[in-house]
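**Student:** Mapping of the sequence shown onto the numbering used here: position 8 corresponds to residue 10, and the numbering continues sequentially without gaps. Note that beta-carbon positions come from the ideal geometry of N, C-alpha and C, so glycine has one too.
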Amino acid sequence: MRHFFADLNQDGFVNEADVTLLNSAILGEIPLPDLPFTHILSTSPADHATQVAVTRETIIRLSAPLSAATVVTVQQLHADFGARRFLSRVELSTDRRTLTLFYLENLLGSTRVRVTLEGDTLLDFAGRAVDADGDGQPGGKAILEFETLGLTPNQ
3 MRHFFADLNQ DGFVNEADVT LLNSAILGEI PLPDLPFTHI LSTSPADHAT QVAVTRETII
63 RLSAPLSAAT VVTVQQLHAD FGARRFLSRV ELSTDRRTLT LFYLENLLGS TRVRVTLEGD
123 TLLDFAGRAV DADGDGQPGG KAILEFETLG LTPNQ
């Protein structure tokens with residue numbers, strides 16, 4: 003999705019419909035649509051995934067880059083099991099669109115892990131809070147849950 007700004011109608015494709023929309027805006031027939039808030043495109047593992055490896059990292063892909071000044075910490079992106087927070091570190095990709103949560107310890111087997119992304123304090127390239135919960139408004143909290151693989155041997 004490198005053509006984020008060219009996809010004027012936000013249908014996921016840059017095509018003739020976008021060219022028509024841009025022509026109409028240039029001619030003053032319609033205003034350009036507002037730029038949508040940066041939101042989560044995908045996660046790995048997916049929400050409600052099962053049998054996830056206990057050594058697996060969590061990856062969150064965003065629709066647009068974060069601000070060059072944004073630093074992502076474990077206060078903004080973290081994983082928990084009940085009241086226990088897993089030791090981890092966060093890395094932001096060079097294109098500033100992918101967050102990776104690396105665990106500094108193995109996750110527990112047969113466990114429901116809850117990953118939280120706090121969008122209120124993450125700013126995108128336009129200085130707006132990330133729409134983490136996908137409600138079309140800036141800010142919010144994304145919750146991703148998955149279950150780890152059971153580690154008990156079969157008998």
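(1) Is the Cβ-Cβ distance between Tyr-105 and Thr-52 less than 9 Å?
(2) From this set, Thr-22, Pro-47, Leu-37, Pro-33, which residue's C-alpha is nearest Arg-114's C-alpha?
(3) Across which residues does DSSP place Ala-51 in a beta bridge pair?
(4) Tell me, please, which residues DSSP counts as bridged to Val-117.
(5) Excluding sequence positions up to five away, which residues of its chain have a Cβ less than 8 Å from the Cβ of Pro-35?
(6) Which residues does DSSP list as the beta-bridge partners of Gly-141?
(7) Hey, out of Asn-25, Phe-39, Leu-89, whose CA is closest to Gly-138's CA?
(8) Out of curiosity, what's the CA-to-CA distance linking Ser-26 and Val-117?
(9) Leaving out five residues before and five after Thr-60 in sequence, what residues of the same chain have Cβ atoms less than 6 Å from its Cβ?
(10) So, is Gln-78 buried or exposed, given that buried needs 16 or more other C-beta atoms within 10 angstroms?
(11) Considering only their Cβ atoms, is the gap separating Leu-37 from Ala-128 smaller than 9 Å?
(12) Would you report the Cα separation of Val-54 and Leu-29, rounded to the nearest angstrom?
(13) Closer than 9 Å, CB to CB, is Thr-40 near chain D or not?
**Tutor:** With the given structure in hand:
(1) Translated into positions along the sequence shown, residue 105 becomes position 103. Translated into positions along the sequence shown, residue 52 becomes position 50. The Cβ-Cβ distance between Tyr-105 and Thr-52 does not fall below 9 Å.
(2) Your numbering for residue 114 matches position 112 in the sequence shown. Closest in alpha carbon position to Arg-114, among Thr-22, Pro-47, Leu-37, Pro-33, is Pro-47.
(3) Numbered from 1 along the sequence shown, position 49 holds the residue referred to as residue 51. Ala-51 is bridged to Phe-148.
(4) Taking the sequence shown and counting its residues from 1, the one referred to as residue 117 is at position 115. Bridge partners of Val-117 according to DSSP: Ala-81, Leu-146.
(5) Sequence index remark: in the sequence shown, residue 35 carries index 33 (1-based). Once the five neighbours on either side are set aside, the close Cβ partners of Pro-35 are Leu-10, Asn-11, Gln-12, Leu-23.
(6) Residue mapping note: residue 141 aligns to position 139 of the sequence shown, counting from 1. By DSSP's assignment, Gly-141 forms a beta bridge with Asp-133.
(7) As a position in the sequence shown, residue 138 is number 136, starting the count at 1. Closest by alpha carbon: Phe-39.
(8) In the sequence shown, residue 26 corresponds to position 24, counting from 1. In the sequence shown, residue 117 corresponds to position 115, counting from 1. Rounded to whole angstroms, Ser-26 to Val-117 spans 43 Å at the Cα level.
(9) For the purposes of this step, residue 60 is taken as the residue at position 58 of the sequence shown. Around Thr-60, the same chain offers Leu-103, Val-117 as residues with beta carbons nearer than 6 Å, after the five sequence neighbours per side are excluded.
(10) Locating residue 78 in the sequence shown gives position 76, where the first residue counts as 1. Burial call: buried.
(11) Position 126 of the sequence shown, counting from 1, holds the residue named residue 128. Position 35 of the sequence shown, counting from 1, holds the residue named residue 37. Between Ala-128 and Leu-37, the C-beta spacing is below 9 Å.
(12) On the sequence shown, residue 54 is found 52 positions in, with the first residue counted as 1. On the sequence shown, residue 29 is found 27 positions in, with the first residue counted as 1. Val-54 and Leu-29: Cα-Cα distance of roughly 52 Å.
(13) The displayed structure is made up of one protein chain only, and chain D is not part of it.
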